[in-house]
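Just below is one structure, and these are the notes that go with it.
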Amino acid sequence: DVKVTQSSRYLVKRTGEKVFLECVQDMDHENMFWYRQDPGLGLRLIYFSYDVKMKEKGDIPEGYSVSREKKERFSLILESASTNQTSMYLCASSPLPDRGNQPQHFGDGTRLSIL
Amino acid sequence: AQSVTQLDSHVSVSEGTPVLLRCNYSSSYSPSLFWYVQHPNKGLQLLLKYTSAATLVKGINGFEAEFKKSETSFHLTKPSAHMSDAAEYFCVVTRSGGFKTIFGAGTRLFVKA
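If you read the sequences in order, they're chains A and B.
Note that our numbering has the first sequence beginning at 19, numbered continuously upward.
Note that our numbering has the second sequence beginning at 1181, numbered continuously upward.
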């Protein structure tokens, strides 16, 4: 089974801090994604990466950056945390599609609180 | 353009009765469609997927979904609800390449004893 591991389940940080959320997948997937999930807003894509050192903005990239130095690891960075970034963050990975589309596999999420 | 609409934000059923969670989609391309389940404080788990093979798709835990192109629907069903099915369910559509993924707003399923 695919395993996507997010380094922290719960995290509390202060406004203005630089925050790192780490995600590791063990199935050699090319694609990796970061989402945030908020009540009433569903899942929103922050960034995704389809290869090492490659990244693409999603729907809400402002205030975030990402790093993918190794294929298995995709990091989300909050450059200067703000209270409106308090949320549940979900990491996902998927292989390249063959003839169809492949599902994404999700980690258990990191619930981040910014005080 | 793609979109996905989950027609009910909440569904409540009694244990042992059928479950129906409704999903309509819009896609300019041949879509791939998925249903995921999310239990409290967990990530999303894949229930089943449709990728242009059989229109009736069987998933895990007794769930299945039928792709109806004429109705642009992909409703999720289960013959008999179990207490452990209480969770939030997401209908998801992607198009070729898989980079553009649209999540529905979710349907919360309540199961009464």
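In this text, a Cβ means the ideal position worked out from N, Cα and C, and glycines have one as well.
For A/Arg27, count neighbouring C-beta atoms within 10 Å of its own C-beta (all shown protein chains included) and say buried if the count is 16 or more, exposed if not. exposed
Give the straight-line distance between the Cα atoms of A/Glu80 and A/Tyr53, rounded to the nearest whole angstrom. 13 Å
Legend entry - Below-8 Å beta-carbon distance, B/Phe1290 vs any chain A residue: no
Once the 5 residues before and after B/Ser1192 are set aside, which same chain residues still bring their CB inside 7 Å of it? Phe1290, Lys1292
I'd like to know whether the C-beta atoms of A/Phe92 and A/Ser131 end up nearer to each other than 8 Å. no
- prompt: Which residues in the same chain have their Cβ closer than 8 Å to the Cβ of A/Pro121, if we skip the five residues on either side of it in sequence?
  reply: Ser112
Nearest-angstrom Cα distance between B/Ser1189 and B/Gly1284? 10 Å
Compare the C-beta of B/Lys1238 against all C-beta atoms of chain A and say whether one is closer than 8 Å. no
At a CB-CB cut-off below 8 Å, which residues of chain A make contact with B/Phe1214?
Pro121
CA-CA distance, B/Glu1246 and B/Asn1204?
11 Å
Cβ of A/Leu130 within 8 Å of any chain B Cβ:
no
TODO: Determine the closest residue to A/Ser83 out of A/Lys89, A/Glu90, A/Met72, with distance taken between C-alpha atoms.
DONE: A/Met72
Spatial neighbours of B/Ser1212 in its chain, beta-carbon cut-off 6 Å, leaving aside the 5 residues before and after: Thr1231, Thr1274
- Task: Flag B/Leu1226 as yes when its Cβ comes closer than 7 Å to any non-hydrogen atom of the ligand ATP, and as no otherwise.
- Result: This structure simply doesn't include the ligand ATP, nor any ligand for that matter.
*Roughly how many whole angstroms lie between the Cα atoms of B/Pro1198 and B/Gly1239?*
16 Å
task = Could you spell out where the beta strand (DSSP E) holding A/Gln24 opens and where it closes?
result = 22 to 24
Legend entry - Pick from A/Gly34, A/Pro57, A/Gly125 that is closest to A/Ser98, judged by C-alpha positions: A/Gly34
request  = Have a look at A/Phe38 and A/Ile95 and give me their C-alpha separation to the nearest angstrom.
outcome  = 5 Å
Hey, quick one: how far does the beta strand (DSSP E) through B/Lys1258 stretch, first residue to last? 1253 to 1258
| query | By Cβ distance, which residues of its chain are closer than 6 Å to A/Met50, with the 5 residues on each side in sequence left out? | reply | Ser67, Phe92, Ser111
Could you tell me whether any Cβ in chain B is nearer than 8 Å to the Cβ of A/Leu61?
yes
* **Through-space distance from B/Thr1287 to B/Leu1236, alpha-carbon basis** => 21 Å
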